[in-house]
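Trainee: To start, I am sharing the structure in question, which I have written as structure tokens.
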């Protein structure tokens, strides 16, 4: 099992606890974590299923390489962490 | 340095990582601060107090009463004045040796490029994505280190995008520019005052380290602050070889 966690800044927008998922890729892990969470899904992905520009994803503390297809591998025990850009200053 | 300066900066000079040589680098340095609000306030105060030779403050806004809860560069009698002149006045009382250039404008285009080119370090303390991407592009083109901070509600982010290093990502590598960005403003969503202080002071620390040449900068790392849990998280950011801003650099 891998975990999918949304950064605190996203949680304050749309609450979502840490999800336990079984998935070989970031795309599949994200799909599992967002299942039935339409508001959060719309915040993370656009209507074409692409990662929104103000969102970045990290696996085991490192930024993913494949933003376009989210094909980066997720291993058993991996931590997928979803972050949004903040703009306030 | 004269005797007064040796005394004034003695607590820096005592640190072997800084010493007289490092302090002299600060005295000769020029820092560009984009935004004189929540983040720019503590950043400017620390840079001026630490002995930066020239601080360029750029902001097109005036001080509003609602700013005073967190924007510690400004005082009650500054309401209605431009933020940069208010900041210039405050910094003059903190350290009159620090030269402060006040630019009452939202820098963009050639004006931004010119100011970035003259700076030794740039601090992005602004409050919108469009400026963040403009500043990032200018820093990449001029090969200048960018210390980026952001804050909203109880959350903060800070990183360094150092275009003078071949392995350092730029802001666009992390968050590509797009028209779907969820722009949240402190005026709408609120901001816990000390979060801007923590993030702005961290930006000042990174800028000073870059100028002195000590320690490890945040280049390649993004720090996330959860102010409610009061926890920092560090994650690794890599350079995107297909980045439309820095990917075409000859050293990509």
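Protein chains in written order, with my numbering: chain A, 831 to 919; chain B, -4 to 247. The beta-carbon is built from N, C-alpha and C at its ideal position, and this holds for glycine as well.
Going along chain B in order, which residues have a C-beta closer than 8 Å to the C-beta of residue 892 (chain A)?
Mentor: Contact note: residue 892 (chain A) reaches chain B through 230, 231, 233, using a C-beta cutoff of 8 Å and chain order.
Trainee: Is residue 89 (chain B) near residue 74 (chain B), with beta carbons less than 8 Å apart?
Mentor: no
Trainee: Pick helix, strand or coil for residue 194 (chain B), following the three-state DSSP scheme.
Mentor: helix
Trainee: Could you give the first and the last residue of the continuous beta strand (DSSP E) run that contains residue 153 (chain B)?
Mentor: For residue 153 (chain B), the uninterrupted beta strand (DSSP E) segment begins and ends at 150 to 157.
Trainee: Give the DSSP-derived three-state secondary structure of residue 869 (chain A) in the structure shown.
Mentor: helix
Trainee: Run through chain C and tell me which residues come within less than 7 Å of residue 886 (chain A), C-beta to C-beta.
Mentor: In summary, chain C is missing from the structure at hand, where the protein chains are A and B.
Trainee: How about the segment 892 to 903 of chain A and the segment 846 to 864 of chain A: do they share at least three Cβ pairs that are nearer than 8 Å?
Mentor: Cβ pair count under 8 Å is three or more, so yes.
Trainee: For residue 27 (chain B) and residue 40 (chain B), I'd like the C-alpha separation in whole angstroms.
Mentor: 13 Å
Trainee: Using a Cβ-Cβ cut-off of 8 Å, state whether residue 917 (chain A) counts as contacting chain B.
Mentor: Judged by the 8 Å Cβ criterion, residue 917 (chain A) is in contact with chain B.
Trainee: May I ask you to check if the CB of residue 79 (chain B) is nearer than 7 Å to at least one heavy atom of the ligand MN?
Mentor: The ligand content of the structure shown is nil, which means the ligand MN is not present either.
Trainee: How should residue 916 (chain A) be labelled, buried or exposed, when 16 other C-beta atoms within 10 angstroms of its C-beta is the threshold for buried?
Mentor: Buried, because 16 or more other Cβ atoms sit within 10 Å of the Cβ of residue 916 (chain A).
Trainee: For residue 183 (chain B), name the three-state secondary structure that DSSP assigns.
Mentor: helix
Trainee: Measuring only between beta-carbons, confirm whether residue 201 (chain B) sits less than 8 Å from chain A.
Mentor: Not closer than 8 Å to any Cβ of chain A, the Cβ of residue 201 (chain B) fails to qualify, so no.
Trainee: Taking the beta carbon of residue 229 (chain B) as the centre, do at least 16 other beta carbons fall within 10 Å, making it buried, or is it exposed?
Mentor: The residue is exposed, with fewer than 16 neighbouring Cβ atoms inside 10 Å.
Trainee: Closer than 7 Å, Cβ to Cβ, to anything on chain B: give me those residues from the segment 834 to 867 of chain A, in chain order.
Mentor: Those residues of the segment 834 to 867 of chain A that come within reach of chain B (Cβ to Cβ, closer than 7 Å) are 837, 838, 839, 842.
Trainee: Is the distance from the Cβ of residue 120 (chain B) to the Cβ of residue 29 (chain B) below 8 Å?
Mentor: yes
Trainee: Mind checking which residues open and close the beta strand (DSSP E) that includes residue 94 (chain B)?
Mentor: 94 to 98
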